[in-house]
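Engineer: First the structure, which I've put down as structure tokens, then a few questions once you've had a look.
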Amino acid sequence: GKAFFVAVNGQQQGPFDMGALMQRAQQGQLTRDTLVWAQGMANWTAAGQVSDLAPLFAAAPPPLPPR
385 GKAFFVAVNG QQQGPFDMGA LMQRAQQGQL TRDTLVWAQG MANWTAAGQV
435 SDLAPLFAAA PPPLPPR
């Protein structure tokens, strides 16, 4: 499968496979707004906009809307 790099506090971490990404998503370290990159992608992109990562967020509730 694909391996993704993840931007954390301005530092790139990874590469992570889907299993590691799912763990991070469950722990709240990876959100829809987290920037990710994988080979073949032109730019760093919010994880919520990457179709490969959609299953990671299917189980997680969306972020609360601002009050």
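Here the sequence shown is numbered in my numbering, starting from 385 and rising by one per residue. For each residue, glycine too, the CB sits at the ideal point set by N, CA and C. Treat the numbers as computed from the prediction; the structure is a model and nothing was measured.
Measuring only the C-alpha atoms, how far is A442 from Q410?
Structural biologist: Going by the C-alpha atoms only, they are around 11 Å apart.
Engineer: Taking the alpha carbon of V420 as the reference point, which residue from P449, L448 and F400 has its own alpha carbon closest?
Structural biologist: It is F400.
Engineer: Is G398 helix, strand or coil when you go by DSSP?
Structural biologist: In this structure, G398 counts as strand in the three-state DSSP scheme.
Engineer: Going straight from the alpha carbon of L346 to that of Q395, what length do you get?
Structural biologist: Only positions 385 to 451 of the chain appear in this structure, which leaves residue 346 out of reach.
Engineer: From T415 to A431, what does the alpha carbon distance come to, in whole angstroms?
Structural biologist: So the two alpha carbons sit approximately 7 Å from each other.
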